[in-house]
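Enquirer: Each residue of the sequence shown is one higher than the one before, counting from 41 in my numbering.
Below is the structure I would like to discuss, written out as structure tokens.
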Amino acid sequence: MKAQWIEEHQQWQKRSLLGKRYVYIWADGIDFNIRNEDDRQCILVVIGVTDTGTKELLGLEGGFRESELSWKPLLLRLQDQGLKEAPELAIGDGTLGFWKALAQVFPTTRVQRCWVHKTANVLNHLPKSQQPKAKSALHEIYMAETKDDALTAFERFIKTYDAKYPKAVECLSKERDALLAFYDFPAEHWVHIRTTNPIESTFATVRLRTDKTRGCVSQDSILSLVFKLVQSAQKRWLKIRGFKRLGEVQPFPRTVSTVR
41 MKAQWIEEHQ
51 QWQKRSLLGK
61 RYVYIWADGI
71 DFNIRNEDDR
81 QCILVVIGVT
91 DTGTKELLGL
101 EGGFRESELS
111 WKPLLLRLQD
121 QGLKEAPELA
131 IGDGTLGFWK
141 ALAQVFPTTR
151 VQRCWVHKTA
161 NVLNHLPKSQ
171 QPKAKSALHE
181 IYMAETKDDA
191 LTAFERFIKT
201 YDAKYPKAVE
211 CLSKERDALL
221 AFYDFPAEHW
231 VHIRTTNPIE
241 STFATVRLRT
251 DKTRGCVSQD
261 SILSLVFKLV
271 QSAQKRWLKI
281 RGFKRLGEVQ
291 PFPRTVSTVR
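Below you can see the structure in the form of structure tokens.
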């Protein structure tokens, strides 16, 4: 069975993507507590939204610590499979490896940092006594009704915490544009594109299955197992809210993406 899964994953990686358009993509590196021959396994995952609103598993490969040299071959493989039209927006955490690779392979794709990851990073620079109030202040930014309101809340956070907790403010403010990019897209899509939740929620279930794996297994075996589990989960994925507005999402007037 494992040999069959490995073959299916390898064939899937060669499938044609000619004529496909993915408006949004989510990317993340998922660590698994499974020992293999080399090191703790990291699976690089890309999920995309087609122009009809359907979410699809787009890329899945083994990687090493989410490095640029791990992400770049995955993105180049997608190009080789026929994905010529760059996604309009990529959503991920602050791992620089993915963003450096993205800028080289799909330079026009805009950047959106995940608010869940960023919130956790900012709170790490604050004492526990301040975290509940700060979390609410961050929530006011990314849940604002308009981008102008979000900018106002952003500035309010900076003025509130800059004097006593400059590291928390720096962690937030250095990625202002990448955190607020989602406001330039249809409002119905905001709930989907401000976090990497489509990946996180799927892999919470996948981890429950892989946690039962014992002993040392090969990288190919891990990949094929995760591939089959995600394929099964994909059957239950729903279209994104407001998918009929995906046609309104046009290339942003810029020439290159910037790693912030």
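In this text, a Cβ means the ideal position worked out from N, Cα and C, and glycines have one as well.
On a predicted model such as this, the values are computed, not experimentally measured, just so you know.
Whole angstroms are fine: how far does the CA of Gly137 sit from the CA of Ser213?
Expert: Rounded to the nearest angstrom, the two C-alpha atoms are 21 Å apart.
Enquirer: Would the beta-carbon of Lys112 fall within 8 Å of that of Ala141?
Expert: In this structure, Ala141 lies closer than 8 Å to Lys112 by Cβ.
Enquirer: Contact criterion: CB-CB distance below 8 Å. Does Gln274 meet it with respect to chain D?
Expert: Within the model displayed, chain D is absent; a lone protein chain is all it includes.
Enquirer: Alpha carbon to alpha carbon, how far is His232 from Leu269? Give it in angstroms, no decimals.
Expert: In a straight line, the C-alpha of Leu269 is about 22 Å away from that of His232.
Enquirer: Expressed to the nearest angstrom, what Euclidean distance is found between the alpha-carbon atoms of Ser264 and Phe146?
Expert: Taking the straight line from one Cα to the other gives about 27 Å.
Enquirer: Would you call Glu288 buried or exposed, if buried means 16 or more other Cβ atoms sit within 10 Å of its Cβ?
Expert: Under this definition Glu288 is an exposed residue.
Enquirer: According to the neighbour-count rule (16 or more other Cβ atoms, all chains shown, within 10 Å of its Cβ), is Ala208 buried or exposed?
Expert: Buried, by the Cβ-count rule.
Enquirer: Excluding sequence positions up to five away, which residues of its chain have a Cβ less than 6 Å from the Cβ of Phe267?
Expert: Correct list, in chain order: His49, Leu100.
Enquirer: Quick check: what's the CA-CA separation for Arg196 versus Val162?
Expert: Their Cα atoms are separated by approximately 15 Å.
Enquirer: Let's test the definition: count the other Cβ atoms within 10 Å of the Cβ of Ser110 and tell me whether it reaches 16, buried, or not, exposed.
Expert: Looking at its Cβ environment, which holds 16 or more other Cβ atoms inside 10 Å, Ser110 is buried.
Enquirer: For Glu228, which residues in the same chain have their Cβ closer than 7 Å to its Cβ, ignoring the five residues on either side in sequence?
Expert: Here the set comprises Arg281, Gly282, Arg285.
Enquirer: With H, G and I counted as helix, E and B as strand and the rest as coil, what does DSSP make of Ile65?
Expert: Ile65: strand per DSSP, three-state reduction.
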